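2 protein chains.
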Amino acid sequence: MNKNIDFYFDIISPYAFIAYKNITKIDNIEFNFKPILLGGLHNLVNITAPAFNKFKLKNMKNDCELICKKNKINFTWNSKFPINSLYLMRGYLVIEESKKKDYLETFFNAYWQNDVDLTLEKNIIKLLENLSINHEEFLKNISKQETKDKLKTFTNEAFKKEIFGAPTFVANNKIFWGQDRLDYALDELKK
Amino acid sequence: MNKNIDFYFDIISPYAFIAYKNITKIDNIEFNFKPILLGGLHNLVNITAPAFNKFKLKNMKNDCELICKKNKINFTWNSKFPINSLYLMRGYLVIEESKKKDYLETFFNAYWQNDVDLTLEKNIIKLLENLSINHEEFLKNISKQETKDKLKTFTNEAFKKEIFGAPTFVANNKIFWGQDRLDYALDELKK
């Protein structure tokens, strides 16, 4: 029995944030973190993100606030939502393995708990400094063609598996889309 | 305290079917049934239904089957999905009040449990006969301009409340979208 779940995420998604918070409470399952560019994936599958429909956007804000209240997750809607998450997600790829966990925690919290404006380089630099990540090296590395290609490859790989949104859980090669479906992915592992 | 929940639905939606089955198990809350034409509402809010995106469609089928299994709801994906639900929803408006409950039960079950092809008039006629509804009168009434206008008005009224999908629950004037959010609507009434 495979006790692993693949977790496809983009820091830009509030539902990915909620899913992330929920999976960090689970200690008997290994989650493989699969960074993707959600905007890129949406283009590949021809889906308009809820962020770009005013009715869905308004609902998403209310919905996330309700879910977080029910799940006791500290949450603040980011006043700069949506932003381009390209640099954040490329950043996840270029930092050393041992820092990836703290990087996610830092940037997910900055964006979805502390209303940090992540379009400002100075804010990103400050967060990187807290993580003892050299920001000059970071900024140089995220601009490299190989980094751009890597994130594209990861996003394309998700697309090939017929993943069309985030968060998505994959358990036993089965796709479970949405933070609401974490329980279903966990159920799948019990089979 | 208002112990009422408005339930916006279209028989075409498998998630509306699931929500319908779940609310029929609740007996201490009054649900006001609000028929809408989901396709018409989607046009008003500029949303492409998941039925028209192959990735979302495939996921919806799997997802509904999983939810129904977990909720012990008898469910079969309709092999003629999607169809135009105009006649079914107009039909709900033209039948007498005392038959609306059985009409919904019959047509929801026919479409989402028994894989009935509801594009065939003979199948609709048979179901109406089971309900002792005169099908000639039914067919005449659903073609009337006032019936067409009535369904449009109901759909427009949902739109004016910023409802953008189905099922939607409205409790204390707050919108809860999706069968997953029934609990949230019930929580709202406890406030």
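Chain order of the listed sequences is A and B. Note that the working numbering has the first sequence beginning at 195, numbered continuously upward. Note that the working numbering has the second sequence beginning at 195, numbered continuously upward. Just so it is clear, CB atoms sit at the ideal spot from N, CA and C, and this is done for glycine as well. Bear in mind the structure is a predicted one, so any value in this text is a computation, not a measurement.
Here's the rule I'm using: 16 or more other beta-carbon atoms within 10 Å means buried, otherwise exposed. How should residue 343 of chain A be labelled? Classification for residue 343 of chain A: exposed.
Taking 9 Å as the CB-CB limit, is residue 371 of chain B close to chain A? For residue 371 of chain B, the answer is yes, since a Cβ of chain A falls inside 9 Å of its Cβ.
Would residue 203 of chain B pass as an interface residue toward chain A - the criterion being a Cβ-Cβ separation below 9 Å? Cβ-Cβ to chain A under 9 Å: no for residue 203 of chain B.
Got a sec? Which residues, its chain only, sit under 7 Å from residue 165 of chain B by beta carbon, not counting five neighbours each side? Only positions 195 to 385 of chain B appear in this structure, which leaves residue 165 of chain B out of reach.
Using alpha carbons as the reference points, say which of B:221, B:201 and B:304 lies closest to residue 324 of chain B. Of the listed residues, the one whose Cα sits closest to residue 324 of chain B is B:304.
I'd like the list of long-range same chain contacts for residue 250 of chain A, defined as Cβ closer than 6 Å, with 5 residues on each side in sequence excluded. Cβ within range, chain order: 244.
Strictly under 9 Å for the Cβ-Cβ distance: is residue 209 of chain A near chain B by that measure? Under the Cβ distance rule, residue 209 of chain A does not count among the residues neighbouring chain B, no pair being separated by less than 9 Å.
Proximal residues to residue 202 of chain B (C-beta, below 6 Å), its chain only, five neighbours per side dropped: 228, 230, 352, 357, 360 and 362.
Starting from residue 370 of chain A, trace the beta strand (DSSP E) both ways and give me its first and last residue. Element bounds for residue 370 of chain A: 368 to 371.
With 16 other CB atoms within 10 Å as the buried threshold, where does residue 347 of chain B fall? By the neighbour-count criterion, in which 16 or more other beta carbons inside 10 Å mark a residue as buried, residue 347 of chain B falls on the exposed side.
Once DSSP output is grouped into helix, strand and coil, what is the label at residue 365 of chain B? Three-state DSSP puts residue 365 of chain B in a strand.
With distances taken between CB atoms, is the gap from residue 267 of chain A to residue 215 of chain A smaller than 9 Å? If you check the CB distance, residue 267 of chain A and residue 215 of chain A come in under 9 Å.
Assuming residue 204 of chain A and residue 279 of chain A are in contact, meaning their beta carbons sit under 8 Å apart, how far apart are those beta carbons, in whole angstroms? 5 Å between Cβ atoms; contact.
Rounding to the nearest angstrom, what Cα-Cα distance links residue 321 of chain A and residue 290 of chain A in this structure? The straight-line gap separating the alpha-carbon atoms of residue 321 of chain A and residue 290 of chain A is approximately 16 Å.
With respect to the beta strand (DSSP E) encompassing residue 263 of chain B, which residues constitute its N-terminal and C-terminal limits? Residue 263 of chain B -> not in any beta strand (DSSP E); alpha helix (DSSP H) instead, spanning 248 to 264.
Which parts of the stretch 311 to 342 of chain A are runs of the alpha helix (DSSP H), unbroken and 4 residues or longer, counting only runs that do not cross its ends? You should have 315 to 324 and 329 to 336.
C-beta contact flag for residue 335 of chain B and residue 288 of chain B at 9 Å: A contact, by the Cβ cut-off of 9 Å.
With distances taken from CA atoms, which of B:282, B:277, B:308 and B:246 is nearest residue 345 of chain B? Checking every option, the nearest Cα to that of residue 345 of chain B belongs to B:282.
Mind listing the chain B neighbours of residue 242 of chain A? Cutoff is C-beta to C-beta under 9 Å, in chain order. Within chain B, the residues near residue 242 of chain A are 240, 241 and 242.
Got a sec: is the Cβ-Cβ distance from residue 348 of chain A to anything in chain B below 9 Å? By this cut-off, residue 348 of chain A is not an interface position.
Residue 253 of chain A classed as buried or exposed, judged by whether at least 16 other C-beta atoms fall within 10 angstroms: By the 10 Å Cβ count, residue 253 of chain A comes out buried.
Run the CB neighbour count on residue 314 of chain B, radius 10 Å, all protein chains shown included, and call it buried at 16 or more, exposed below. It counts as exposed.
Quick one, which residues of the stretch 251 to 271 of chain A are near chain B if we go by CB-CB under 9 Å, in chain order? For the stretch 251 to 271 of chain A, which is checked against every Cβ of chain B, the residues closer than 9 Å are 252, 253, 256, 257, 260, 261 and 264.
Residue 299 of chain B, enclosing alpha helix (DSSP H) - first and last residue: It spans 294 to 306 - the alpha helix (DSSP H) in which residue 299 of chain B sits, taken as one unbroken run.
Kindly list, in the order they appear in chain B, the residues whose Cβ is closer than 8 Å to that of residue 358 of chain A. For residue 358 of chain A, the C-beta contacts it makes with chain B under 8 Å involve 247, 249, 250 and 253, in order along the chain.
Less than 7 Å between C-beta atoms, sequence neighbours within five positions excluded: which residues of the same chain meet that for residue 311 of chain A? Closer than 7 Å at Cβ, skipping near neighbours: 274 and 317.
What residue from A:226, A:219 and A:206 has the CA that sits closest to residue 235 of chain A's CA? Residue 235 of chain A has its Cα closest to that of A:206, out of A:226, A:219 and A:206.
For residue 297 of chain B and residue 197 of chain B, what's the separation of their Cα atoms in angstroms? Straight across, the Cα-Cα distance linking residue 297 of chain B with residue 197 of chain B is about 24 Å.
Compare the C-beta of residue 374 of chain B with all C-beta atoms of chain A and state if any pair is closer than 9 Å. For residue 374 of chain B, the answer is yes, since a Cβ of chain A falls inside 9 Å of its Cβ.
Quick one: give me the first and last residue of the beta strand (DSSP E) that residue 208 of chain B is part of. Per DSSP, residue 208 of chain B lies in no beta strand (DSSP E); the unbroken alpha helix (DSSP H) holding it starts and ends at 208 to 217.
Which residues share a DSSP beta bridge with residue 353 of chain A? Partner(s): none; residue 353 of chain A has no beta bridge.
Close-in-space but distant-in-sequence residues of the same chain around residue 255 of chain B (CB under 6 Å, 5 per side omitted): Closer than 6 Å at the Cβ level, and outside the excluded window around residue 255 of chain B, lie 271.
Against chain B, does residue 368 of chain A count as a neighbour if the rule is that its beta carbon must be under 9 Å from one of theirs? It does: the Cβ of residue 368 of chain A has a partner Cβ on chain B nearer than 9 Å.
What does the Cβ neighbour count give for residue 246 of chain B, buried or exposed, with the cut at 16 atoms within 10 Å? It is exposed - the Cβ of residue 246 of chain B has fewer than 16 other Cβ atoms within 10 Å.
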